[in-house]
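Residue numbers for the sequence shown follow this note's numbering, so the first one is 200 and each next one is one higher. See below for the structure under consideration.
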Amino acid sequence: MEQNKKMIPQITYFMGFIFGFVLTFIVLRALNIEKYFNKGRVFEIQAAYVLLSLIGGHLIGHMAHFIVSLF
């Protein structure tokens, strides 16, 4: 039982991370950040999408982990 209580914040972080990654990716696509890059720089644009989505996912996952760990 104690092992399950320790896993709940970790599961919450992971689920928040996945949700935040997808949400951030959708928002970035709606913002059309391609216009800030030079034409033909496909790899840089894709890398920016992935890195910014990872950062957004981490922030949302960490926030969910913090909220769950309060209780």
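Positions of the beta carbon are idealized from the N, C-alpha and C atoms, including for glycine.
Under the DSSP assignment, ILE266 falls in the alpha helix (DSSP H) whose first and last residues are 241-269. About 11 Å separates the beta carbon of GLY215 from that of GLY255, a gap too long to meet the 8 Å contact definition. DSSP places PHE236 in the coil class of the three-state scheme, outside both helix and strand. The C-alpha of PHE242 lies about 43 Å from the C-alpha of PHE270.
Within the same chain, Cβ atoms closer than 8 Å to the Cβ of HIS257 are found at PHE216 and GLY219, the five residues on either side in sequence being excluded.
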